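Just below is one structure, and these are the notes that go with it.
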Amino acid sequence: MYLLYSLAYSLAFLFLLPYFIFQSLKNGKYLESFSQRMGFLPRISADDDGPSIWVHAVSVGEFLAAQPLIAKIRLTLPGFKIVVSTTTITAQRLARERSPSSDSIFYFPFDWQLSARRSLEKLRPSCVVIMETELWPNFLRQCRLRNVPVVIANGRISDRSYSGYRRAGRFIKRVLGDVHLFLMQTETDAGRAEALGAPPERVRVCGNVKFDQSVPSRHSSDRAGFARLIALSEGGPLIVAGSTAPREEAMLLDAFRKARRRPGLAEARLLIAPRHPERFEEVAELITRSEFTLARRSSFSDESASRIEPVKAEVLLLDSIGELSSAYVNANVVFVGGSLVPRGGHNVIEPAALARPVITGPYTENFREIIKLFVQADALIQLEEESESGLSESLANRIVQLVEDSAAASAMGQRARALVERNSGAVDCILSELNALVVSGTGRFLADTEMIPK
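Residue numbers are given in this note's numbering: position 448 of the sequence shown equals residue 448, and the series is strictly consecutive.
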């Protein structure tokens with residue numbers, strides 16, 4: 001099975017290779033990451049021999065979720081180096097900016113045995129922590145062969161992933177056998193892991209680490225350009241739409257146009273933060289075609305922001321990385337994207353922790369249990385499923401409702417923050433398990449004679 005998987009993985013890589021080459025020649029994308037993904041990693045420090053904990057976060061969302069965990073590992077396990085890997089370029093940039101104290105930051109290896117082996121031989125980690133649920137069979141197998149315990153932290157298994165894993169049958173059970181601990185977000189996630197073949201004694205429910213994320217202060221970004229962009233919204237309510245997906249921006253702009261017809265919202269501003277950076281230009285063009293005046297974060301360099309004259313803009317485009325939480329701080333109303341269209345939704349905990357009134361669309365299956373908690377606590381508004389034009393109309397009405405009744409909006413935000421505080425503690429749970437693995441020495445697979453899956 002591993003041979004067939006490796007063959008399929010290699011064929012997929014060859015199929016995508018022309019795209020990688022094109023992007024590399026066009027804008028230098030993937031050039032830096034390629035050698036590291038082949039397993040040729042940079043040095044950790046002058047002393048590479050000390051124990052280390054390897055934390056992997058595939059993309060920006062996972063890295064942001066990992067930040068409080070990394071910080072606590074640093075405090076409670078000072079004798080261990082911390083090395084951080086990502087898969088996406090945007091997450092790599094953010095990790096280098098937000099986690100400069102990490103002993104090494106690099107790209108996660110391709111899932112070939114040779115790449116995984118090189119990486120593990122270079123780092124010799126005491127433990128590998130994979131945020132959420134990244135299952136790379138060859139990498140996990142190489143960890144098992146070296147007796148390196150792997151922990152799935154903040155684990156979740158979406159409906160789509162669960163369906164895909166089930167089709168893998170016995171192979172996925174073998175892969176899960178190479179994971180030492182599954183620290184899952186919910187009972188549903190834990191049940192799915194066990195149903196797929198994870199040994200029940202290795203499965204725990206720790207909750208969602210996003211409930212433990214620190215809350216930024218108002219205007220929390222120290223970048224002058226961001227502050228200048230936010231200043232454009234002064235004088236009227238600011239609606240922030242975070243992590244938006246294709247087709248959603250058009251619906252948001254339509255809802256915004258309708259909402260601004262109300263006297264109290266005539267001076268409102270809409271800030272849109274697309275989920276994926278490669279869509280920044282596409283969204284900017286859409287806003288312009290919709291005949292709204294536009295201001296882009298990228299137009300305000302941090303060095304020259306103080307010299308830029310004020311501009312009149314109705315829609316603000318956050319075409320930057322790592323500033324969405326700061327945008328939420330300044331919002332009167334927050335819409336969390338990936339939910340007006342069938343994308344599964346995105347993280348509502350971040351704006352909720354800031355006591356902001358949150359609206360989400362009907363498509364939130366990736367966060368089903370979290371959304372259920374908020375809806376039951378009357379701490380979030382979820383729109384009902386209907387046509388795109390109907391959703392746009394409903395969104396406009398809800399925005400108007402929250403802006404015009406600021407007392408009700410504030411009360412909803414306070415209920416949301418209280419719910420977040422009640423559900424915190426996942427980081428401490430994960431840290432307790434890590435401490436047992438790397439300090440108490442319980443991380444080794446106890447049955448030395450147990451067969452490694454072939």
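Don't be surprised by glycine CBs; every beta carbon is placed ideally from N, CA and C.
If you're wondering where the values come from, they're calculated on a predicted model, not measured in any experiment.
Can you give me the C-alpha to C-alpha distance between residue i and residue j, rounded to a whole angstrom?
i	j	result
phenylalanine 20	phenylalanine 13	9 Å
valine 58	threonine 87	5 Å
glutamate 248	glycine 338	8 Å
phenylalanine 367	arginine 118	36 Å
phenylalanine 110	glycine 39	8 Å
glutamine 185	lysine 312	44 Å
leucine 383	leucine 286	24 Å
isoleucine 73	arginine 93	21 Å
glycine 207	asparagine 423	8 Å
glycine 403	valine 333	Going by the sequence as given, residue 403 is valine instead of glycine. Each residue's alpha carbon lies about 7 Å from the other.
glutamate 278	threonine 90	10 Å
serine 299	glycine 79	44 Å
valine 358	alanine 352	7 Å
glutamate 234	tyrosine 328	15 Å
leucine 16	glutamine 36	18 Å
leucine 446	valine 427	Caution applies to leucine 446, whose pLDDT of 38 falls short of 50 and renders its modelled position unreliable; the value that the coordinates give is listed next. The straight-line gap from Cα to Cα measures roughly 26 Å.
aspartate 405	asparagine 397	12 Å
cysteine 143	alanine 116	8 Å
leucine 280	glycine 236	In the sequence as displayed, the identity of residue 280 is phenylalanine instead of leucine. Going by the C-alpha atoms only, they are around 25 Å apart.
Starting from the C-beta of residue i, find all residues in its chain whose C-beta is less than 8 Å away, skip the five residues before and the five after it, and write them out in chain order.
i	result
cysteine 127	Ile53, Trp54, Val148, Pro149, Val150, Val151, Leu434, Leu437, Val438 and Gly443
leucine 253	Leu270, Leu286, Ile287, Ser290, Phe292 and Val315
isoleucine 349	Asn208, Lys210, Phe211, Gln213, Ile370 and Val420
leucine 33	Before going on, a small fix: residue 33 reads as serine here, not leucine. Once the five neighbours on either side are set aside, the close Cβ partners of serine 33 are Ile89, Gln92 and Tyr107.
serine 158	Gly344, Glu365 and Asn366
tyrosine 363	Gly338, Ser339, Leu340, Val341, Pro342, Arg343, Gly344, Gly345 and Glu385
serine 161	Thr133
serine 10	Trp112
Between the Cα of residue i and those of the options, spot the shortest distance and give me the residue it belongs to.
i	options	result
valine 420	Phe34, Leu75 and Phe211	Phe211
proline 246	Glu282, Arg269 and Leu294	Glu282
tryptophan 136	Ser6, Arg124 and Lys122	Ser6
isoleucine 321	Val315, Ser243, Glu285 and Glu121	Ser243
glycine 255	Leu391, Ser10, Gln67 and Leu77	Looking at the sequence itself, residue 255 is alanine, so the reference to glycine does not match. The candidate whose alpha carbon is nearest that of alanine 255 is Leu391.
phenylalanine 226	Tyr107, Ser325, Leu16 and Asn423	Ser325
leucine 77	Gly50, Arg228, Phe63 and Leu31	Gly50
arginine 174	Glu187, Asn154, Ala153 and Asn138	Asn138
glycine 425	Leu31, Leu41, Pro68 and Phe15	Pro68
glycine 361	Lys372, Gly191, Leu395 and Val329	Leu395
Can residue i and residue j be called in contact, C-beta distance under 7 Å?
i	j	result
alanine 193	valine 203	yes
glutamate 134	arginine 156	no
aspartate 103	isoleucine 70	no
valine 336	leucine 270	no
histidine 56	isoleucine 172	no
serine 101	valine 84	no
alanine 65	asparagine 154	yes
leucine 317	alanine 268	no
arginine 297	leucine 229	yes
leucine 181	lysine 122	no
glutamate 393	methionine 251	no
In chain order, what residues of the same chain lie with their CB nearer than 6 Å to the CB of residue i, ignoring the 5 residues before and after it?
i	result
alanine 331	Leu238, Val240 and Arg356
valine 400	Ala259 and Arg262
arginine 455	Limits of the chain in this structure are 1 at one end and 454 at the other, which puts residue 455 out of reach.
leucine 114	none
alanine 409	Pro357 and Leu402
alanine 407	none
arginine 124	none
methionine 1	Phe171
Going along the chain, which residues of its own chain have a beta-carbon closer than 7 Å to the beta-carbon of residue i, five neighbours each way excluded?
i	result
threonine 288	Leu294
glycine 61	Asn347
arginine 146	Leu120
glutamate 309	Low per-residue confidence applies at glutamate 309: pLDDT is 49, beneath 50, and the placement is therefore not dependable, though the value from the model is reported in the following sentence. None.
phenylalanine 63	Ala57, Thr86, Ala91, Leu94 and Ala95
leucine 373	Leu419
Is any non-hydrogen atom of the ligand PLP found closer than 6 Å to the C-beta of residue i, if you look at the structure I gave you?
i	result
leucine 431	Although the ligand PLP was asked about, the structure shown includes no ligands whatsoever.
Report yes or no: do three or more beta-carbon pairs, one from the segment 247–265 and one from the segment 196–204, lie closer than 8 Å? no
Check whether the segment 378–386 touches the segment 425–434, counting contact only when three or more Cβ pairs, one atom from each stretch, lie closer than 8 Å. no
Counting pairs of beta carbons, one from the segment 271–282 and one from the segment 407–427, are three or more of them closer than 8 Å? no
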